[in-house]
Every structure is written in structure tokens, then in C-alpha cells.
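Q: If you're matching positions, the sequence shown starts at 197 in my numbering and goes up one per residue. Glycine included, every Cβ here is placed at the ideal spot set by N, Cα and C. All figures in this text were calculated on a predicted structure; none of them were measured in a lab.
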Amino acid sequence: MTPLDRARCRLKAHPMALDAAIAAGVLACMVAGSFVDPHSGDRVTWGVRTPDALSLVLMTLCAAALVFRRRVPRTVLALTGTLSLVEFVTGDPRTPVAMSAVIALYTVAASTDRPTAWRIGLLTMTVLTGVAMIAGPLPWYAQENLGIFAWTGMAAAAGDAIRSRRAFVQAVQERAERAERTRDEEARRRVAEERLRIARDLHDVVAHHIALVNVQAGVAAHVMDKRPDQAKEALAHVREASRSALNELRATVGLLRQSGDPEAPTEPAPGLDRLDELAGTFRSAGLHVEVARADQGTTLPAAVDLAAYRIIQEALTNVQKHAGPEAKAEVSVVRVGPHIEITVLDDGTGEAERTASGGGHGLLGMRERVTALRGTLTTGPRYGGGFRVHAILPLKARTPATPPGTEPSV
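#1: Distance, Cα to Cα, residue 482 vs residue 391?
#2: Could you check where the alpha helix (DSSP H) with residue 279 kicks off and where it finishes?
#3: Run through the region 419-445 for me and flag every whole alpha helix (DSSP H) of 4 or more residues, listed as ranges in chain order.
#4: Could you say which of 526, 445, 377, 354 lies nearest to residue 486 if we only look at CA atoms?
#5: Do the region 527-535 and the region 422-435 meet, that is, are 3 or more Cβ pairs less than 8 Å apart?
#6: In the structure shown, what three-state DSSP assignment does residue 564 receive?
#7: Spatial neighbours of residue 609 within its chain, please: CB distance less than 7 Å, with the 5 preceding and 5 following residues excluded, ordered by chain position.
#8: Does the Cβ of residue 259 have 16 or more other Cβ atoms within 10 Å, making it buried, or fewer, making it exposed?
#9: At which residues does the beta strand (DSSP E) containing residue 309 begin and terminate?
#10: Bridge partners of residue 583, per DSSP?
#11: With distances taken from CA atoms, which of 363, 291, 218, 264 is nearest residue 253?
#12: Whole angstroms are fine: how far does the CA of residue 561 sit from the CA of residue 551?
#13: For residue 433, is the classification buried or exposed, using 16 other Cβ atoms within 10 angstroms of its Cβ as the cut-off for buried?
#14: Which residues does DSSP pair with residue 537 in a beta bridge?
#15: Determine the DSSP secondary structure at residue 489, reduced to helix, strand or coil.
#16: Using a 10 Å radius around the Cβ and a threshold of 16 neighbouring Cβ atoms, would you call residue 221 buried or exposed?
#17: Helix, strand or coil for residue 256, going by three-state DSSP, please let me know.
Quick look at the structure:
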């Protein structure tokens, strides 16, 4: 940064210092102009004159008033205008005291609205020009009188133009800042929605497989001494469930990889086409599962297909974890008009009813999935014992309505 740039920065940081510098420059110009006589003799020549003491005092007072032009612009304009009128009436020859009124009028026009600026500008032009023409020592048609009219008009127009430019620049900056905030909010909203989706997937995958691992490990520990063959089979199921959990976990977390990271597994997301396989994993864990489907020929959107699979998976996981050892589960998938209905019933013990009806992470995750697709979910104890999960999902997936920032407990 050059010394001149540093000086400009200091002046911008201290408006009073800038105004004092401007006032000193205006005073120098007025004093210099007061010693020049453009009407020397009968020819258009330049001569030298000596201003009187009153004119020097008026110039000094006007320059001092300009120091405060930003703080009280209208007061400064009134003061400089009044002193200019005194000079017009008493000065012979006149000195350029009106230069300070021109600067003050520019400041007023640049710091107020357009109607007010033009009203004050017209009033100043009329009063100064009228007094100069009527009460001054020069004839009314003198060029100096017409010059007062021209300079005050240009000052008002210039001030209004500067004010309009500042307002335009400020509006552009505000629009840019508002657009930047909108982009940031949209980015945060999308990140929150993606985190919510990944959290739901992680919860569904981990809860399902860990529940199976827990059940099979308990079976293996129970029959290890008396029936080693059955214990070996249970441990095989434990290994298979843990492998599936790791694979699905890796596929889900792979969505967070960057472009230069190793390629993630390309296995598609599960859907209702794997419902029999899902039921088989629960049957191998000792849960009696019956599946009934009446949705043949129905093609589901990917989001609806995944949500349906996860809802059934979570419901069966809750039965496996909370119902009694002899519990049974019934899964029903039916197409009804433009919707797909999913029902999971179990005849578990009261412990299952109390745990599931208490909310739980599983029901919270199911409800968030259904709400994101504009569907409905009904859960609660069923008549005669057990628990019922009933979900209705639209066949046409719509934009998720998940509020940003909400995440399920995992």
C-alpha cells in the first residue's frame, strides 16, 4: 500500500479529519479567488484586488462550518447560505463565499431522500440567486449571478446522484449477502437431511443384525455343553449376521467417501424383493415369521421400496428383541389404490407391548421414514395381546418433508 493509499484510509476512518481537510482546501480556494478580479477595466482581462476584512471573516466562518457538514448538514447549509447572502449584499467587489454554500448543499442532497433534496436545492437556488440579483452591487443579469444559479443546481444534482449510487451499491451488497446466506442455509439443510437418512440406515442395519447376533449368541451359550452341534449352527448364524452387518455398514458409510477415496461396494439398497431373505434370517434365529403379499406387479420407487423393507426389518427386530421365546410374527404387504400398506403383527408377551409402545429408537426411526415420504404410521398394542405396526406409503415418492436438524437416536 502506497503512502497516499494509507493516508486515504486514515481519512476514511476519521470523517472529521477529512472534512477539516476539505474545509481548508475550500478556504484556500475562496481566499485565492478573492484576490482575483476578472473584470479589470473594459476588457476581459484578469487583475488583482484586495478583499475587505468582512469578506475574510465571512470566508473563515464558512470554512469552519464545513468541518461539521456531515454531522449537521442542514444547519451548516443554513449558516453558509446566510453568510453568503451577507456577502452578496455588502461585498464590493464580491468574494466567492458562496462556494461554501455549494459544498454544503451537495452534502445535504447526498444525505437525504430525493424529494427533500430537490426541495432544499430549489429553495437554496432561488434565495441565493434572487438576493444576488436584487440586492447586490452588480446588475441582475451579471454572469456571476447566473453562475450562482448554475453552481447550486449542479451541487444539488451531484449530491442526489451520489446518494442514488450509494443506495444502489448497498442494495447490491445486501442482495449478495442474502443470496450467500440462502446458499449456506440450503447447504446446511441438505447436509442435515443426508445425515438423517444415513442415521436411519445405520440404525436399521445395526439394530437388526446385532439383535440376531445377540439371540444366536445366547442360544450358543445355552446349548454349548449339551448340544455342541446346535451351538455350532448358532455360531455360524452369528458369523453370517455379523458379516451382513459389516457389509451393509460399509455400503452406508461409503456414501461419505470423497471422490479420491477407494471405491465403495456397489451392492444396491435392499427392497421388498429381499423380503423372503429377511424373513429367513429371523426364522434361523428361532422366530416364527409368516409372510403374505398381495402387491404382485407393483413397481415401487426406490425410496418407498427401501422404507418398506426397513420398516419390516425394524418391526421384526423389535419382536425378536422384546417378545417372548415362542412369539410369532405376521407380515402383510398389500397394494391399496395409490398406496402400499405394510402390517406387522406379533403375539408376544406384555413385555413386548410395554417396550414397543414406549416409543423406542426403532419406532422413532420408522416414524421418521414414513413421515419423510408423506405416509402414515400407526403402532400400538393389538386386541388379544401382542403389538401391531401398520404403515401406509404412497406409490409415488414425494419430496421429503423432514425438517432440517432433526436426527434419530442411533
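A: The short version:
#1: 34 Å
#2: 269-286
#3: none
#4: 526
#5: no
#6: helix
#7: Coverage of the chain is limited to positions 197 through 606, which leaves residue 609 absent and any answer about it impossible.
#8: buried
#9: It is not in any beta strand (DSSP E) - residue 309 carries neither H nor E in the DSSP assignment.
#10: 542, 577
#11: 291
#12: Confidence at residue 551 is low in this model, with a pLDDT of 49, below 50, so its placement is unreliable and no value can be given for it.
#13: buried
#14: 530, 588
#15: strand
#16: exposed
#17: helix
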